[in-house]
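Per my numbering: the sequence shown = residues 10 to 96.
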Amino acid sequence: MELVKWAVCVCGAIIAQVYCLLASMIIVHELGRLARDMWGFGAAHIGTIVVSGLCCFAFNLLVMDVVLWSWSALKKTTIGTDSVDKE
Numbered sequence: 010m011e012l013v014k015w016a017v018c019v020c021g022a023i024i025a026q027v028y029c030l031l032a033s034m035i036i037v038h039e040l041g042r043l044a045r046d047m048w049g050f051g052a053a054h055i056g057t058i059v060v061s062g063l064c065c066f067a068f069n070l071l072v073m074d075v076v077l078w079s080w081s082a083l084k085k086t087t088i089g090t091d092s093v094d095k096e
């Protein structure tokens, strides 16, 4: 049963990260295309890509934080104690 919990957690982490990366690529592409249509190719286009890329990077970090928090919670429930209690 523990192996199933770990496998589900690993699959969830991989799916969440792939989803975030695909969503980030779509957001950057669409915002870049919108900026190009509105202002033409130039500094605004590059600035939009940089800003949206940073926002997507922050979104990816947030998702990975949630995944790692879930992983930690699963580890505590699977093992029963954390490393502080062992010492």
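Glycine is no exception: its CB is placed at the ideal position from the N, C-alpha and C atoms.
In this structure, I55 sits away from V37, with a CB-CB distance that is not shorter than 7 angstroms. The way I'd put it, the segment 29–44 does touch the segment 59–66; three or more beta-carbon pairs between them come closer than 8 angstroms.
DSSP places M47 inside the alpha helix (DSSP H), whose first and last residues are E11 to W48. Taking C-beta atoms as the reference points, V72 and C29 count as a pair closer than 7 angstroms. V76 and A22 do touch by the CB rule: their CB atoms are close to 5 angstroms apart, below 8 angstroms.
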